[in-house]
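Read through the structure below, which is laid out as structure tokens, and then see the notes.
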Amino acid sequence: MGDAKQTVSVGDHNPLIGLDTDRLEREMDAYHRWLDERTDDAYRIAETARKQGLDHKDRVEIPRASDLAGRTEKLLIEHLDGYEVADDIRALLDEHDRETTSIIIAQSVARGFRDLGYDLEKSIDVGLRVGLAVLTEAVLVAPLEGISEVRLLNNVDGSQFVSVHFAGPIRAAGGTAQALAVLIADMIRRELNVGHYQPTDPEVERVKEEFGLYRGNLQYRPSPHEIDEIVRACPVMINGESTERIECAGYGNVRNIDEPRIRGGVLLVIGEGMCLKAPKIQKHTERLNMPGWDFIAKFAS
């Protein structure tokens with residue numbers, strides 16, 4: 075009984091009683107201002123040194139940013155070509171969660187680039203990277219190196235579709251971001267009126283063969299039937315660059331796939347993203363009433 079009373083007493087104790095909190099807040103603010111001033115001084119010195127041309131680049135490559143919106147804009151500075159996104163991201167985050175914001179801003183940026191005269195591939199690429207940066211809080215390398223490129227390829231009937239080429243660093247983004255990157259790519263291609271992916275049998279079998287040959291770590295290895303269902307139903311092509319030395323013998327030379335070697339990014343996105351995070355995708359597809367994603371319900375249950 076005595077121990078119980080003592081616990082309640084300690085829990086009710088306010089450690090700030092007797093302290094001049096106003097003075098402490100002023101001192102903390104002054105300390106933060108001092109840090110900002112010293113950081114500005116360090117950046118000015120670094121910029122002056124870089125302008126002498128003794129390094130690979132003539133500017134400091136680590137930009138400063140105060141929040142998620144600022145980090146996103148600075149992280150993708152070489153992709154955005156001066157296009158400003160920070161204010162739009164802040165406004166969206168005031169009304170929506172981060173995942174919803176990533177979808178909306180990705181579509182907005184892609185449409186904005188297209189309206190400025192950029193080609194479809196560039197518009198889709200930048201929009202997708204911005205969406206992925208917001209998803210990962212702009213603190214990971216995934217938006218830069220997890221997506222090697224975005225291409226517009228042709229189906230057998232001649233119609234165009236979006237092919238997203240994932241690379242090994244997409245692993246750092248985690249399964250949720252991997253899966254939502256595919257969803258965002260589909261949202262963008264709908265916004266820009268690009269057709270959906272219609273895989274041939276060899277393209278489907280190629281992915282099955284890669285899963286069978288892959289010896290790396292995967293949280294989940296889908297069955298051949300699950301692979302077949304995802305690849306055939308997904309509206310965009312989950313593609314990627316070669317990451318392993320092992321080559322596919324049965325389906326090495328397949329249309330729309332550059333090399334016979336295993337594409338690790340493809341396996342990560344399908345296994346750890348589309349399969350494991352299906353409930354997360356389903357939540358957004360149902361909320362947005364998106365057609366063409368009914369197949370994901372089988373993996374969400």
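Numbering follows my numbering, with no gaps: position 284 of the sequence shown is 358. Just so it is clear, CB atoms sit at the ideal spot from N, CA and C, and this is done for glycine as well. Owing to the predicted nature of the structure, the values given are computational and were not obtained by experimental measurement.
- Item | Continuous beta strand (DSSP E) stretch holding GLY324: start and end | Looking at the DSSP string, GLY324 is not in any beta strand (DSSP E), and its letter there is neither H nor E.
- Message: Using CA atoms only, rank isn't needed, just tell me which of SER237, ARG245, GLY242 and THR146 is closest to ASP260.
- Response: SER237
- Item | VAL159 vs THR146 beta-carbon contact at 8 angstroms | yes
- Query: Does the Cβ-Cβ distance between PRO296 and GLY345 come in under 8 angstroms?
  - Reply: yes
- Message: Taking contact to mean 3 or more Cβ pairs, one atom from each stretch, closer than 8 angstroms, check whether the region 327-343 and the region 352-368 are in contact.
- Response: no
- Contact the region 228-245 vs the region 301-314: 3+ CB pairs below 8 angstroms: yes
- Taking ARG185 and GLU265 to be in contact with their CB atoms under 8 angstroms, please state how far apart those CB atoms are, rounded to whole angstroms. 6 angstroms
- Nearest candidate by alpha-carbon position, reference LEU362, set GLU333, ILE258, CYS322 and GLU111: ILE258
- Query: With which residues is VAL238 paired in a DSSP beta bridge?
  - Reply: VAL224 and ILE312
- Task: With GLN356 as the anchor, note down where its alpha helix (DSSP H) starts and where it stops.
- Result: 352-361
- Task: Go through the region 255-300 residue by residue and report every complete run of the alpha helix (DSSP H) that reaches 4 residues or more, in order.
- Result: 275-287
- For PHE373 and CYS349, believed in contact at Cβ under 8 angstroms, the rounded distance: 5 angstroms
- Item | Between the CA atoms of GLY232 and GLN252 - distance to the nearest angstrom | 28 angstroms
- Of the residues THR250, GLN272, CYS322 and GLY324, which one's Cα is nearest the Cα of GLN293? THR250
- Nearest candidate by alpha-carbon position, reference LEU154, set ILE91, THR174, VAL200 and GLU300: VAL200
- Query: DSSP state of ARG337, grouped into three classes?
  - Reply: coil
- Query: Ordered along the chain, which non-local residues of its own chain (more than five positions away) have a Cβ less than 8 angstroms from that of LEU202?
  - Reply: ALA180, ALA184, ILE221, VAL224, VAL238, ALA255, ILE258, ALA259 and ILE262
- Straight-line gap, PRO273 to THR113 (C-alpha atoms, nearest Å): 52 angstroms
- Item | Assigned secondary structure, GLU318 (DSSP; H/G/I helix, E/B strand, else coil) | coil
- Query: Helix, strand or coil: which one does DSSP assign to THR210?
  - Reply: coil
- Taking only runs that begin and end inside the region 165-206, name each unbroken alpha helix (DSSP H) of 4 or more residues, in chain order. 172-189
- Item | Buried or exposed (CB count within 10 angstroms, at least 16 for buried), SER182 | buried
- Task: Look up MET364 in the DSSP assignment and say whether it is helix, strand or coil.
- Result: coil
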